[in-house]
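Notes follow once the structure below has been shown.
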Amino acid sequence: MYEPLYRPRRLRSSETVRRMVRETTLSPDNFIYPLFVTHGRNVKKEISSMPGNYQQSVDNLVKDCEETFRLGIPAVILFGIPEHKDEVGSEAYSDEGIVQHAIKAIKHKMPDLVVITDVCLCEYTSHGHCGIIKHGVVQNDETLDLLAREAVSHAKAGADMVAPSDMMDGRVGAIREALDQTGFSQTPIMAYAAKYASGFYGPFREAAESTPQFGDRRSYQMDPPNRREAIREVTLDIEEGADIVMVKPALSYLDIIREVKDNFNLPVAAYNVSGEYSMVKAGAKLGWIDGDRVMMEILMSIRRAGADMILTYHAKEAARLING
Ligand code: PBG
Numbered sequence: 025m026y027e028p029l030y031r032p033r034r035l036r037s038s039e040t041v042r043r044m045v046r047e048t049t050l051s052p053d054n055f056i057y058p059l060f061v062t063h064g065r066n067v068k069k070e071i072s073s074m075p076g077n078y079q080q081s082v083d084n085l086v087k088d089c090e091e092t093f094r095l096g097i098p099a100v101i102l103f104g105i106p107e108h109k110d111e112v113g114s115e116a117y118s119d120e121g122i123v124q125h126a127i128k129a130i131k132h133k134m135p136d137l138v139v140i141t142d143v144c145l146c147e148y149t150s151h152g153h154c155g156i157i158k159h160g161v162v163q164n165d166e167t168l169d170l171l172a173r174e175a176v177s178h179a180k181a182g183a184d185m186v187a188p189s190d191m192m193d194g195r196v197g198a199i200r201e202a203l204d205q206t207g208f209s210q211t212p213i214m215a216y217a218a219k220y221a222s223g224f225y226g227p228f229r230e231a232a233e234s235t236p237q238f239g240d241r242r243s244y245q246m247d248p249p250n251r252r253e254a255i256r257e258v259t260l261d262i263e264e265g266a267d268i269v270m271v272k273p274a275l276s277y278l279d280i281i282r283e284v285k286d287n288f289n290l291p292v293a294a295y296n297v298s299g300e301y302s303m304v305k306a307g308a309k310l311g312w313i314d315g316d317r318v319m320m321e322i323l324m325s326i327r328r329a330g331a332d333m334i335l336t337y338h339a340k341e342a343a344r345l346i347n348g
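My numbering numbers the first residue of the sequence shown as 25 and each following residue consecutively.
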């Protein structure tokens, strides 16, 4: 009978031993919790395709932030649902916009919670695209100015960090320059650096009411088959002044997360996007998978791939499991 010389099972014999040799950790410290803010009072409307996530008015949002911080999660990222949309996404960069109000309310109550804002126009434009349109085409350089105004307006309201997700060329540089010129040289930029045109954003577009009214986002978001291009995108964003670089989505792009981690020395974020979340919830509801177990395995895999931080709708439930 063959007797193996080395027996890896020796180090798997009990949970205590497994704990000793575990290579990757997962903590609430790693999470950033996405939140959707809407106008009104006492609004808490569940997003049907993302159970457990809501469009909330500022009063309820602040309560949610308090719960999030109590669970040990250091940061939230805000998405706004404006009262009115128009061609140029005016509410995105209005000092009276919904996100600007939310930032002030949150920071007033909880100065230590890190408030990150998504900087993009798609939630605010009537056509649902991430930039302004001329002749049916999303205009790059004309959009930069609006994105820079949006970022400055968020910083003025008290945002701790801004996160451009539009994928226009040069937006990190434009935002960095605008922040520096307005006294916000200490406000970091978390760049959605390698952001792919993905079917996994489906449920988010219901949540943020940001579905493009014509065409799609393939002329600005990255083509899923491309890997070397992700390195170019990340390189550009770092040269333009990004402080943290993000890969999005996470699950189908774990190879990209690893590549970015190995090639650069900045903190790496990964966005565990809406469709990834909804699939777990749907599978669990059907009784086909153990939702909690699969959630933890997914989050751990994103960490193992190299993400320092994970933007995830699972943040609160995962933190509860970790905290025990
Ligand atoms: C805005 C934006 C999107 C997401 C984050 N910021 C949608 C998109 O690009 O279509 C997706 C987040 C998710 O699916 O959870 N540009």
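Every residue gets a Cβ at the ideal spot worked out from N, C-alpha and C, and that includes glycine.
Would Met270 pass as a contact of Met191 if the rule is Cβ separation under 8 Å?
no
Phe228: CB within 7 Å of a non-hydrogen atom of ligand 1:
yes
Quick one: Cα of Ala266 to Cα of Gly311, how far?
42 Å
Taking the alpha helix (DSSP H) that Lys68 falls in, what are its first and last residues?
Not the alpha helix (DSSP H): Lys68 falls in the beta strand (DSSP E), residues 68-70.
Going by DSSP, which residues form a beta bridge with Gln163?
Ile156
Which complete alpha helix (DSSP H) runs does the stretch 26-87 hold, if anything under 4 residues is left out?
39-45
Distance check for Met134 and Lys180, CA to CA, integer angstroms please.
17 Å
Determine the direct distance from the alpha carbon of Arg252 to that of Val61, and round the result to whole angstroms.
36 Å
Grab the span of the alpha helix (DSSP H) containing Tyr301 for me, first residue to last.
298-309
At a cut of 8 Å, does the stretch 298-310 reach the stretch 223-230 through at least three beta carbon pairs?
yes
Determine whether the beta carbon atoms of Leu50 and Met324 lie at a separation below 8 Å.
yes
Span separating the alpha-carbon of Gly64 from that of Ile101:
20 Å
Identity of the residue in Gly160, Arg195, Phe208, Glu27 nearest Ala183 by Cα:
Phe208
Look at Pro98 and Val138 and say whether their C-beta atoms are less than 8 Å apart.
yes
Top-ranked residue by Cα proximity to Gly113, from Gly239, Leu168, Phe93, Met303
Leu168
How about Arg42 and Arg36: are their beta carbons less than 8 Å apart?
yes
Within the same chain, show all residues whose beta-carbon is closer than 7 Å to that of Arg328, passing over the 5 residues directly before and after it, in chain order.
Thr48
Would the C-beta of Gly96 count as close to ligand 1, meaning under 7 Å from any of its heavy atoms?
no
In terms of DSSP beta bridges, what is Thr336 paired with?
Asn296
Taking C-alpha atoms, which residue in Ser73, Gln163, Asn54, Arg34 lies nearest to Met303?
Ser73
For the pair the stretch 108-124 and the stretch 236-251, tell me if three or more CB-CB distances fall below 8 Å.
no
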